[in-house]
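What follows is a single structure, written as structure tokens, with notes after it.
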Amino acid sequence: MNLKTRFGLVIGTLVLLVVGATSGILYWTEKSFLSHEALERQETSLRSLSQVARESHLSQDDLMLINYVLSLPEKNPEVLLAYVVVPDAKGVPQVAAHSIKDFTGVPLSALPPEPTGARVLRETVADGERAVAEVVVASSLDRVAASVEASLSRTRRRIAVTAAAMVLAGLAASTILAVSLTRPISRLAAAAGLLGQGKLRTRIPVEGSDEIARLSREFNAMAEKLERLDEMKKDFVSSVTHELKSPLAAIDSTLELIAHEQGKGRDPSRWLEDLAAIRTHTSRLSRFVTDLLDLAKIERGSFSVQRSDLDLAAAAREVVSFLSPLARKNGVALSGPSDGAGLARASADGERVRQVLVNLVSNALKFTPKGGSVSVTVSAESEGTVCSVSDNGIGIKASDLDRVFDKFEQVKEARAEARGPKGTGLGLSICKAIVEAHGGRIWAESVPGRGSTFRFTLPSGGAE
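Position one of the sequence shown corresponds to residue 8 (the working numbering), numbered consecutively onward.
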């Protein structure tokens, strides 16, 4: 059973229950009202007859009383009989007026027994403190019941018609509501199916501001992230292929050249150059494999650091010295912290911190144009030891600053401007993992066209 049918059944059942309960309440309320109204009619007939009897006594107009009593069954068909008893001169009760004409004027004792199946009401009419008459009205219970039933029958028909209309309207409304609730869910299901088929550009329209609309917005956001991840995956595969193929191809061509020129009296310095080139490319491959292994450890949650007291300024100077040849090759001025920064010590894993510094400085050199500058500074701050790598290169847009530390993330504009190997987008994410493993934090500040500064903090250490 699909969701729309279940919605329809639940809402339809609720409509039927509400209509049924309402109809039942209306019916029993109407029945009680009609029964009470019938009793009121009987009592009204009795009070009216009492009033006429009083006026007849005061005006000595017996004819008025007789005519009224005779007309009473016509006015109220529920009345079986009505009569008025007055005492004669000797005090013997006489029937002064009776709804059956033949009984008018006879002694009370001559009247037949009161009919069965009737409700008999009596009331004494007094003149001051003296009783002058007694009025009696007998109403047929069968006629009362028939009158009530006739009214109830009309009420049932009205309730049935109204209830049927309400049920139809309720079912129509429930169907419309079920469709309106399930249509966006169906769209979500269809869109999810398309995503499952690899159609990552799938989006669904967002209507309104309810929970379904919120779910639609979250779905679209998820689809956008999946699409971006897919693009990043493709870029990563391409980058990995390039990172593996380029040094391997260079090594292979160098080895072929060595094999071809072997024994031909080649200049020994050329052999050293070729071996240095092979060493450079194998080092590049080694760093790439190390990055992949580090990423695997991070994903498994098994990444760890071995802390010791570290002179962060000295470590930064080592990295600057190591990368100075690359800086000279690129025509970029590279400077490190002065010797006076030696007081900036950290409790950190020296090798991992150097890995972070190499990555940050290499990136700065990669994206800084010829004639630019890159500087590394270290300082002791209240939150720990802070290291900054600043350049005056192409910079990064504010919208990209939070994403540069994501796995496989590379700013496309910066990637296009990069010199040398493009990289895989793993370096900064690994740097972030290393810094956070120390309990520090890393962030970037940048002005497009004016350069960037990457900073990270490490827990402060003390000199041994």
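For every residue, glycine included, the Cβ atom is placed at its ideal position computed from N, Cα and C. For clarity, every value in this text was computed on a predicted model and none was experimentally measured.
Check                                                                                                     : Outcome
Closest residue to S315 among V411, A321, G391, R352 (Cα-Cα distance)                                     : R352
Outcome for V4 when other beta-carbon atoms lying within 10 angstroms are tallied against a minimum of 16 : The structure shown has nothing for residue 4, since the chain only spans 8 to 471.
Through-space distance from V143 to Q101, alpha-carbon basis                                              : 13 Å
Three-state secondary structure assigned by DSSP to T12                                                   : helix
The segment 447-458 / the segment 399-409 touching (three or more Cβ pairs under 8 Å)                     : yes
Buried or exposed by the 16-neighbour rule on C-beta atoms within 10 Å, applied to L364                   : buried
Coarse secondary structure for R462, derived from DSSP in three states                                    : strand
Burial state of A230 (16 or more Cβ within 10 Å)                                                          : buried
Inter-residue spacing [alpha-carbon to alpha-carbon] between E471 and D318                                : Reliability fails at E471, whose pLDDT of 42 lies under 50, so the model's placement of it is uncertain and no value is given.
A104 and V113 closer than 8 Å at C-beta                                                                   : no
Alpha carbon of V22 to alpha carbon of I219, nearest angstrom                                             : 24 Å
Endpoints, the beta strand (DSSP E) within which L341 is located                                          : 340-342
First and last residue of the uninterrupted alpha helix (DSSP H) at H288                                  : 275-307
Sub-8 Å separation of V26 and G177 beta-carbons                                                           : yes
Cβ-based neighbour list, I441, same chain, cut-off 6 Å, excluding 5 preceding and 5 following             : R359, V363
Beta-bridge partners of A355, as assigned by DSSP                                                         : S315
As assigned by DSSP and simplified to three states, the class of G391                                     : strand
Same chain only: Cβ atoms within 6 Å of H288, ignoring 5 sequence neighbours per side                     : P254, A257, I258
Sequence-distant residues of its chain with Cβ nearer than 7 Å to R210 (five each side left out)          : N227, A230
Buried or exposed by the 16-neighbour rule on C-beta atoms within 10 Å, applied to S276                   : exposed
For T131, the first and last residue of its enclosing beta strand (DSSP E)                                : 125-134
Proximity below 8 Å, CB of K304 to CB of F295                                                             : no
Per-residue DSSP class, three states only, for I32                                                        : helix
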